[in-house]
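Working notes, structure below.
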Amino acid sequence: MLCSLLSTIIQKVKSFLKPCGCSEKVFKVVNIYSPMDGTIVSQRRIPDEGFSEGYMGEGLGLKPKDNGEILSPLGGKLEVVFRTQHAYIIRESIHNIAVMLHLGINTVNIPAEEKAFETIWAQGQDIKEKEVLCQMNLETIRRIMKEEEKKRSSGEISEEEKPTSDISALLVQTENMENKKVEILKKDGDDVEKGELIMRIISSQ
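Residue numbers (UniProt numbering): 1 to 205.
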């Protein structure tokens with residue numbers, strides 16, 4: 001009697017533990033790395049509404065520390081290389097996610113002869129994560145910032161005119177983001193090194 005009862009209980013437990021045939025949801029991750037040595041600036045503090053208000057995507061800002069090479073924040077195809085070489089859009093092929101790196105604010109107006117930015121890359125080429133994307137001349141950008149500040153103080157340029165800034169924006173664009181979310185891994189004021197993991201995109205697809 002007791003053996004029969006124990007056998008029945010064991011069978012019920014085994015039945016309960018059998019796989020139901022349901023598959024667990026698998027989450028995939030796209031890592032995004034810091035393109036420069038610098039300090040994190042929260043998205044809301046990027047000094048351009050197009051970036052700070054999220055119109056261009058979700059992400060963060062970076063205030064660079066040094067002159068020199070800028071790394072690709074992820075691997076993918078260079079979908080857009082701006083003529084002025086100050087901004088790039090890289091599309092990751094597996095999840096079809098686009099990330100924009102915009103170096104500085106209002107830097108589109110820096111004359112080409114100043115050579116604030118230089119790259120060997122062309123639109124349509126494939127680039128690896130952490131591969132050198134371009135060179136950024138901070139000395140030139142900061143000199144222009146000081147010149148603008150003097151002109152603004154003297155009234156030569158309007159206070160309403162958007163000032164040049166060395167703060168860069170790194171944003172995940174909003175298209176193809178269904179069932180995906182951006183996770184910011186650093187907070188405002190954190191110092192980061194070139195190539196350090198700072199964001200990731202988590203996909204349930």
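All C-beta atoms, glycine included, are put in the ideal place defined by N, C-alpha and C.
- Query: So does Glu118 have its beta carbon nearer than 6 angstroms to some heavy atom of the ligand GTP?
  - Reply: This structure lacks the ligand GTP; in fact it carries no ligand of any kind.
- Assess, as a yes-or-no matter, whether the stretch 42-61 is touched by the stretch 167-180 under the definition of 3 or more beta carbon pairs within less than 8 angstroms. At 8 angstroms Cβ cutoff, the stretches touch.
- Message: Strictly by DSSP, which residues pair up with Lys180?
- Response: Ser203
- Task: Could you tell me whether the Cβ of His102 comes closer than 7 angstroms to any Cβ of chain C?
- Result: The structure shown contains no chain C, having only a single protein chain.
- What residue range is occupied by the uninterrupted beta strand (DSSP E) comprising Met136? 132-136
- Which of the three DSSP states, helix, strand or coil, is assigned to Gly38? strand
- Message: Tell me which residue opens and which closes the alpha helix (DSSP H) that residue 282 is part of.
- Response: This structure gives no information on residue 282, because the portion of the chain shown stretches from 1 to 205.
- Query: From which residue to which residue does the alpha helix (DSSP H) around Ser52 run?
  - Reply: For Ser52, the uninterrupted alpha helix (DSSP H) segment begins and ends at 49-52.
- Message: Using a 10 Å radius around the Cβ and a threshold of 16 neighbouring Cβ atoms, would you call Glu53 buried or exposed?
- Response: With fewer than 16 other Cβ atoms within 10 Å, it is exposed.
- From Lys186 to Glu160, what distance separates their C-alpha atoms? 32 angstroms
- Message: Measuring alpha carbon to alpha carbon, tell me which residue in Asn109, Ala122, Asn96 is nearest Asn176.
- Response: Asn96
- Coarse secondary structure for Asn31, derived from DSSP in three states: Asn31: strand per DSSP, three-state reduction.
- Query: Exposed or buried, what is Thr107 when buried is set at 16 or more other beta-carbons lying within 10 Å of its beta-carbon?
  - Reply: buried
- Item | Helix, strand or coil at Ser154 according to DSSP, with G and I counted as helix | helix
- Message: I'd like the list of long-range same chain contacts for Thr119, defined as Cβ closer than 6 angstroms, with 5 residues on each side in sequence excluded.
- Response: Gln85, Cys134
- Is it a yes or a no for the stretch 135-144 touching the stretch 64-71, going by three-plus beta-carbon pairs under 8 angstroms? yes
- When DSSP labels each residue in this structure, what does Glu79 get in the three-state scheme? strand
- Message: For Val30 and Lys150, what's the separation of their Cα atoms in angstroms?
- Response: Approximately 43 angstroms, taken between the alpha carbons.
- Give every residue of the same chain whose Cβ lies closer than 6 angstroms to the Cβ of Ser203, excluding the five residues on either side of it in the sequence, and list them in chain order. Lys28, His95, Lys180
- Item | Element boundaries [beta strand (DSSP E), containing Ala112] | Where Ala112 is concerned, there is no enclosing beta strand (DSSP E), because DSSP gives it neither an H nor an E.
- Item | Bridge-paired residues (DSSP) for Ile97 | Glu92, per the DSSP bridge assignment.
- Cross-strand partners of Ser168 (DSSP beta bridge): Leu62.
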